[in-house]
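Read through the structure below, which is laid out as structure tokens, and then see the notes.
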Amino acid sequence: MSSDASTGASEPDASSAEYDQMLETIDVAIAEARRKVESGRVYDAENEKVRIKWIRALAYAVNVRRQVTTDRDLEELAEEVERMKELRGIDR
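Quick note on numbering: the sequence shown equals residues 1 to 92 in UniProt numbering.
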């Protein structure tokens, strides 16, 4: 039983670190896309096409960040529910 508890205790830390790493990488991508969208002047239609592509990339990155955050939160809630079940002695 204690090995299961110790395994469960170490998994959230690793998983949390993985989510933190993903979110950090996505935040860098969002910052770069935002910088590309907000900087520079548009002199012609070709530059505007490039800017539109950066806007799409920014929107996609923000959506991915939301999904990763939601996944992390759901995983944390599931782990908390499992801990509560263990404390109450409820089996699956």
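Where a beta carbon is used, it is the ideal one built from N, C-alpha and C, also for glycine. Computed from a prediction, not measured in an experiment: that's the story for all the values here.
When the beta-carbon positions are compared, K36 and R56 stay at least 9 Å from each other.
Spatial neighbours of R72 in its own chain (CB-CB distance under 6 Å, excluding positions within 5 residues in sequence) are listed in chain order as Y19. Rounded to the nearest whole angstrom, the CA to CA distance from A29 to G40 is 18 Å.
The three-state reading of DSSP puts Y19 in helix, counting H, G and I together.
In the three-state scheme derived from DSSP, where H, G and I count as helix and E and B as strand, R51 is classed as helix. If you keep only unbroken beta strand (DSSP E) runs of at least 3 residues inside the UniProt domain "DUF8136" (26-86), you get nothing at all.
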